[in-house]
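Q:
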Amino acid sequence: MKILVTGAAGFIGFYVSKRLLEQGHEIVGIDNLNDYYDVNLKLARLKELGVEGNAFKCSNANFKFLKMDIADRKAMESLFQQYQFDRVIHLAAQAGVRYSIENPHAYVDSNLIGFVNVLEGCRQQKAAHLIYASSSSVYGMNSKIPFSTDDRVDYPISLYAATKKSNELMAHTYSHLYNIPTTGLRFFTVYGPWGRPDMAYFSFTDKIQKGESINIFNHGKMERDFTYIDDIVEGVVRIMDCIPQLQSSEFSNAQAAYKIFNIGNNQPISLECFIKAIETATGKEAVRNNLPMQAGDVPRTFADVSELMAAVDFKPKTEIEDGIERFVDWYKGYCK
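Under numbering that gives the first Met the number 0, the first residue of the sequence shown carries the number 0, and numbering increases by one thereafter.
And the structure:
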């Protein structure tokens, strides 16, 4: 198939592109290569996909990379006019809960305007299936555990979460009005080699290796459903051909080919266990700096993945010790 992957130089987009290329698909990858974190890491990921140089020439005939901002309406219109995609996998976004407090406009540009441009492209092209990244952050401080896609998610506590919830609402509208099959994937704390430097596991590893102190928010009284990158990719690839059919929900008669799935490890890990896994993998002890909870953070995430299991017979399974060990091995090689 010919597949569009947005955010192809990003953490998840890189891995999804790599997997799809291995399966023999033809990929058009786009990314604006912004400087939210080290651009060199993004370029290194592209190099792994065969893309090098300022012209972004690729040694893999099945992969074409375009430097493009999804918020650029004319560029996105031109992209969809030029290519007839069999699938659209939308992973580009301005990420980060805490950064959304500092720079809200970046989230509006990328996560709202950019997403409308993707939806419009799918509408004009009558796309067979749009798969897009949502986030566990939409659950906010929900008290019901584990988090289910049937739960209400009307109370986001960060602008990032609000934009992801907005994406789900926008996708439902386009599915209803234009019969575009859309599937949103709520990712739970994705980690692994080639990951984002702004994520805790990356910064903790970096500081522990250097003997620097790490900031532990809420005095370590947090749990996260850490999900290894390979499990995320497996879920995305399986969902790609699981095209939703027209249906209404128990709350509304509005017909839409629309679906939401959680992709999480279904096994929350305490921050203390998480840090111990890094200490074991690095062979060094962390210097802890305990701090109060930060605005926008939540104390716990926990994915109910029963719907994912029922739909594609898969649930993430990588243990935190194994995943962190693989990340640290990569880190020592990449950051030496």
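C-beta atoms are modelled at their ideal positions from N, C-alpha and C, and glycine is treated no differently.
What is the DSSP secondary structure of R338, reduced to helix, strand or coil?
A: The structure shown has nothing for residue 338, since the chain only spans 0 to 335.
Q: By Cβ distance below 8 Å, which residues in the same chain neighbour V311 in space, the five residues on each side in sequence not counted?
A: G234, R237, I238 and C241
Q: Between the C-alpha atoms of G355 and M308, what's the straight-line distance to the nearest angstrom?
A: Since the displayed the chain opens at 0 and closes at 335, residue 355 lies outside it and no answer follows.
Q: Between the stretch 210–227 and the stretch 266–274, are three or more C-beta pairs nearer than 8 Å?
A: yes
Q: Would you call the stretch 316–334 in contact with the stretch 196–206, where contact means no fewer than 3 C-beta pairs closer than 8 Å?
A: yes
Q: Ordered along the chain, which non-local residues of its own chain (more than five positions away) have a Cβ less than 7 Å from that of A126?
A: F84, V87 and I179
Q: In this structure, what does DSSP give as the bridge partners for R185?
A: S133 and N261
Q: So what does Q246 bridge to, in DSSP terms?
A: A255
Q: Could you compute how far the alpha carbon of V397 sits from the alpha carbon of V232?
A: Because residue 397 is not part of the residues shown, which for the chain are 0 to 335, the question remains open.
Q: Exposed or buried, which one is V38 when buried takes at least 16 other CB atoms within 10 Å?
A: exposed
Q: Quick check on D30: does DSSP put it in helix, strand or coil?
A: strand
Q: Whose C-alpha, out of V297, K209 and I100, is nearest the C-alpha of R223?
A: V297
Q: On a Cα-Cα basis, can you pick out the residue from R325, F186, R299 and D229 that is closest to A92?
A: Here the closest residue by C-alpha is F186.
Q: Just to confirm my understanding: we take R299, look at its own chain, exclude 5 residues before and 5 after, and list those with CB closer than 8 Å. What are they?
A: If we look at R299 and ignore the five residues flanking it on each side, its Cβ neighbours are I144, M221, E222, R223 and P267.
Q: With a threshold of 6 Å on Cβ separation, who are the neighbours of S212 within its own chain once the five nearest residues in sequence on each side are excluded?
A: V286 and N288
Q: Compare the C-beta of A255 with all C-beta atoms of chain C and state if any pair is closer than 8 Å.
A: In summary, chain C is missing from the structure at hand, where a single protein chain is found.
Q: Which stretch, first to last residue, makes up the beta strand (DSSP E) that contains T5?
A: In this chain, the beta strand (DSSP E) harbouring T5 covers K1 to T5.
Q: DSSP three-state call for N217: helix, strand or coil?
A: In this structure, N217 counts as helix in the three-state DSSP scheme.
Q: Taking the Cβ atom as the reference point for each residue, do T172 and N261 lie within a distance shorter than 8 Å?
A: no
Q: Let me know the secondary structure DSSP gives R342 once reduced to three states.
A: Lying outside 0 to 335, the shown extent of the chain, residue 342 is not represented and no answer is given.
Q: Hey, K258 and T182 are a contact pair by Cβ (cut 8 Å); roughly how many whole angstroms apart?
A: 5 Å
Q: Just to confirm before moving on: does the CB-CB distance between N264 and F326 stay below 8 Å?
A: Not a contact, by the Cβ cut-off of 8 Å.
Q: Which residues in the same chain as Y227 place their Cβ atom closer than 6 Å to its Cβ, once the five residues preceding and following it in sequence are excluded?
A: Excluding positions up to five away in sequence, the list reads G191, T317 and G322.
Q: Work out the CA separation of L19 and Y177 for me, nearest whole Å.
A: 27 Å
Q: Could you give the distance in angstroms between the alpha-carbon of F62 and the alpha-carbon of I274?
A: 38 Å
Q: Is it buried or exposed, L45, if we count other Cβ atoms within 10 angstroms and call 16 or more buried?
A: buried
Q: If you run the structure through DSSP and keep just helix, strand and coil, what is C334?
A: coil
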